[in-house]
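Novice: Here you go, one structure.
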Amino acid sequence: MMTPLIISVLSFLFGALAVFFYRKTVIEKDMVPAKELEAMKLVHQQALLQYTGQVATLQSELGHREEKLQRQKEEMEHTSQKLEQQFKLLAHTVLEEKSEKFSVQQEQNLKTILDPLKEQIRTFKEEYETKRSKESEERISLREQVKQMMELNKGLSEQANNLTNALRGNVKQQGNWGEMILESMLQYAGLEKDIHYFVQQQSRNDAGQLIQPDIVVQYPDSRAVVIDAKVSLLHYESYCASTTQDEQAIAVNSLLRSFKNHIDGLSSKSYQDINNALDFVMMFVPVEAAYITAMQSDTALWQYAYNKKILLISPANLIAAMKLIADMWQRDNINKEAHHLATRAGKLYDKLVLFVENFDKVGLQLQRAQDCWQEAQKQLVKGRGNAIAQAEQMKGYQAKTSKTLPPKLVEEAMLEDGMAVEEG
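Residue numbering for the sequence shown is 3 to 426, as defined by the numbering used here.
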């Protein structure tokens, strides 16, 4: 392509040559004298030399400008290659950093969510299996309980007979022995001291009097039942030792009077007035045989006690009643544990909901990363003037390169660029 300077120079030269030939023609036609012709020739030669010098100067300047243009072209190709390399390096670095950061962050988030979730599931399973096994072990069949109660009653009767002589005449020792039997039966039923029952717990009745029953058994719902042991061992021993019907009748009457005295005395203490206590008091007779003898001798004795809010209870009846209370405590513990497990299950469910939400966020982040990658891919190989097509076209200017772009990628980019040009 001719520059404006070259066009001006050539126009000047052509004009000078035209003048020269025109004047030569005029001179030849008019037959100018030789002297004048020689002077004109000298003038024209000087002008020609001047024009030739100017042409040389212009050619030199033209050469300098072409060299400068070549240098600028080379610099432009070098800058284009440098920009392309920087773009590739930047895109690769950003993609790697984002991918690595995203992968590490999501792995940490998933671990933070899944590890507690896994631990809670494992703990939930262990607690459920433990409670299930414990409940199965603690369920005793009715036949086994009856058998155990019969064996206990037999043992207690034997102990009562063996202790009769030792306790004869000592009311305080008899009372202590009865309390000991009572507490041992509570423990045998599965109740725990100072948790399910309390010994010699002091309180005041409605009249403000200080009362101190032998045992206060607590229910899971904070209600309580009072149990007091009463022993009529001497009268029953006399009954067993009697040899005639008259002696037996006297001994039985004495035994019944002892029972009624215990009932009246226990009723007067108003143990049922203890806070949250049931409206009756259990009078525990530790000797099963004495209880049976009294019940058989006076069938109205139980009603007599009941009218005074006293329940007569023998070892066989006591163990069954206390076992029911112990089962209530176990059921209450199971319900509390079930509530605890349900609470933890709810928390586990909430954690699972959070996990699902975070998992959705992970999907959105992955989708955004995919969209960014596709957008960068479009800029690289799609549409007119894409980066790969421009870089490949710059190689036509004899750019010095040591590496080559993938042919398939170049072909796709050039095809996209060509199609865009045609559509344009």
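Where is the CB? At the ideal position from N, CA and C, for every residue including glycine.
No experiment lies behind these values; they were computed from the predicted model shown.
1. Output the boundary residues of the beta strand (DSSP E) element that contains Val201.
2. Check whether the segment 322-336 touches the segment 188-200, counting contact only when three or more Cβ pairs, one atom from each stretch, lie closer than 8 Å.
3. Going along the chain, which unbroken runs of the beta strand (DSSP E) with 3 or more residues stay wholly within the segment 220-295?
4. Between which two residues does the beta strand (DSSP E) harbouring Leu407 extend?
5. So, using beta-carbon positions, are Ser284 and Val233 closer together than 9 Å?
6. I need the straight-line Cα distance from Ile312 to Met152, nearest angstrom please.
7. Which same chain residues end up closer than 7 Å to Tyr241 when comparing Cβ atoms and leaving out the 5 residues on each side of it in sequence?
8. Can you tell me whether DSSP reads Ser186 as helix, strand or coil?
9. Could you please give the first and the last residue of the uninterrupted alpha helix (DSSP H) stretch that includes Leu356?
10. Could you tell me how far apart the beta carbons of Ile321 and Met187 are, in whole angstroms, since I believe they sit closer than 8 Å?
11. Pull up the distance between the alpha-carbon of His341 and that of Phe261, whole angstroms please.
12. Taking the C-alpha atoms as reference points, what is the distance between Gln47 and Thr59?
13. From Asn277 to Val358, what distance separates their C-alpha atoms?
14. Buried or exposed, going by whether 16 or more other CB atoms sit within 10 Å of the CB of Leu236?
15. Is Glu40 buried or exposed, if buried means 16 or more other CB atoms sit within 10 Å of its CB?
16. If we ignore side chains and look at the alpha-carbon of each, how far apart do Ala191 and Glu185 end up?
17. What's the call for Ala393, buried or exposed, on a 16-neighbour Cβ count within 10 Å?
Specialist: So, to answer that:
1. Tyr199 to Val201
2. yes
3. 226-231 and 279-286
4. That residue, Leu407, is in no beta strand (DSSP E); it is neither H nor E in DSSP.
5. Going by the sequence as given, residue 284 is Met instead of Ser. No, these two residues do not count as a Cβ contact at 9 Å.
6. 25 Å
7. Gln250, Ala253, Val254, Leu257 and Thr295
8. helix
9. Pro317 to Val383
10. 6 Å
11. 46 Å
12. 18 Å
13. 52 Å
14. buried
15. exposed
16. 10 Å
17. buried
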